[in-house]
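This report concerns only the one structure given below.
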Amino acid sequence: MVTGLIEMSVFPLSVVFFGNNLEVLECLDSVSNIVAVFTRPDDGSNENVNSIKKFSAFSGIPVFQPSKKELYDHADFLQKADPDIIIVCGYKFIIPKEIFSIPRNGTINIHPSMLPRYRGQHVINWAIVNGELETGVTLHFMEETLDTGDIIVQKSVPICFEDTAKELHDRIYKEACCLLKELLKYYNKQDKLQGKKQDSSVATFFKPRKPEDGHIDWSKSSVEIYNLIRALSKPWPGAFSYFKNHKVVIWKAHIEPDLSEISHGKLINVDDDYISVSTIDGQIIITEYEIISADKTIKSILLKNGDFFT
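Residue numbers for the sequence shown follow this note's numbering, beginning at 24 and rising by one.
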């Protein structure tokens with residue numbers, strides 16, 4: 024049970040969900056009355072959006088997919104819907120004050136870090152890239168500045184050395200659902216949810232990941248390269264290097280400590296099952312990769328011992 028909350032009345036809370044996470048939506052559906060779902064517009068490739076739409080249609084929940092500009096047009100609808108709370112998880116656009124101030128009990132954002140550390144975007148990926156041993160999940164009130172609102176509840180989540188971003192993502196949002204269930208299950212409509220102010224003096228902020236951030240610098244340590252690979256593994260675009268004019272996307276690898284090779288980025292051993300590449304302090308053993316040509320098609324090319332990745 025979340026400290027300071029009492030068991031709610033038999034009448035479930037009315038909730039509007041803004042987001043892109045099916046697990047959180049299913050969690051909300053089990054403990055509240057979802058009156059509407061807002062998710063990102065279709066771009067033809069987002070499986071999460073399709074899952075959100077299918078679940079909502081099956082559950083009889085209205086779904087809206089406004090653009091950033093169209094979002095303002097739904098303020099009147101939300102005023103009439105009169106939700107107790109808005110829950111936000113991975114929504115594509117910044118929600119304006121005209122909307123997040125509508126619920127009588129505020130709008131709650133689910134953020135995948137221990138705020139005030141790791142404010143910003145793609146923070147699961149950045150935490151792995153930076154070699155962190157721990158992250159977490161925070162439920163906090165939304166306000167106009169990003170990820171700065173009062174903290175309602177949070178929980179730390181360990182980062183294992185073998186974790187990919189997908190594995191860590193799933194573990195974080197499993198914990199998020201547990202916190203959310205407790206929060207809504209024991210919340211009483213007659214009380215105002217309380218939060219604790221963040222200490223901005225210890226805050227860190229990370230900008231959205233750019234495509235070029237995935238380019239491997241083979242002059243870095245084996246651990247730094249390994250962290251980048253697992254931080255961008257599927258379903259993210261992947262860490263990559265270049266061989267001649269071809270892009271080599273590396274999906275899975277591990278470290279082999281070996282200081283016998285001075286040069287870095289050199290292919291030490293090319294085998295049917297793996298490629299070993301030298302770093303400044305060892306080797307990266309690549310066990311899953313794709314080679315993409317200039318026309319963005321996957322192809323097979325001959326790699327041999329002594330070649331270099333750049």
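For every residue, glycine included, the Cβ atom is placed at its ideal position computed from N, Cα and C.
Taking only three categories from DSSP, how would you classify residue i?
i      : result
GLN102 : helix
PHE228 : strand
SER179 : strand
TRP274 : strand
ARG194 : helix
THR320 : coil
ARG127 : coil
HIS145 : coil
PHE87  : strand
ASN335 : This structure cannot speak to residue 335, because the chain is shown only from 24 to 333.
SER256 : coil
TYR95  : helix
ASN56  : strand
What are the partner residues of residue i, as DSSP defines its beta bridges?
i      : result
VAL111 : PHE41, ASN132
HIS287 : Looking at the DSSP assignment, HIS287 forms no beta bridge with any residue, so it has no partner.
TYR312 : ILE273
LYS219 : ILE174
Return the Cβ separation of residue i and residue j in integer angstroms, given the expectation that the two are a contact with Cβ distance under 8 Å.
i      : j      : result
GLU63  : GLN102 : Reading off the sequence, residue 63 comes out as Arg, not Glu. Between GLN102 and ARG63 the Cβ distance is about 23 Å, and since that is not below 8 Å, they are no contact.
ILE182 : ALA150 : 6 Å
ILE321 : GLU311 : In fact, because the Cβ distance is near 13 Å, the residues do not count as touching under 8 Å.
SER299 : ILE308 : 5 Å
MET165 : ILE118 : 7 Å
Is residue i near residue j, with beta carbons less than 8 Å apart?
i      : j      : result
THR333 : GLY288 : yes
ILE110 : VAL54  : no
ALA254 : ALA188 : yes
LEU45  : SER74  : yes
GLY305 : ILE278 : yes
GLN221 : THR168 : no
CYS112 : GLY42  : yes
SER245 : THR302 : yes
GLY377 : LEU216 : In the structure displayed, the chain extends from 24 to 333; residue 377 sits before or after that span and is not available.
Practice item. Would you check if the segment 229–244 and the segment 185–192 touch, i.e. whether three or more CB-CB distances between them fall below 8 Å? Key: no
Exercise for review: Report yes or no: do the segment 234–243 and the segment 271–290 share at least 3 C-beta pairs separated by less than 8 Å?
Suggested key: With three or more CB-CB distances shorter than 8 Å, the segment 234–243 counts as touching the segment 271–290.
**Study point:** Cβ contact check for the segment 148–163 and the segment 129–137: 3 or more pairs under 8 Å
**Key:** yes
Review point. Contact between the segment 41–61 and the segment 196–205: three or more CB pairs below 8 Å?
Key: yes
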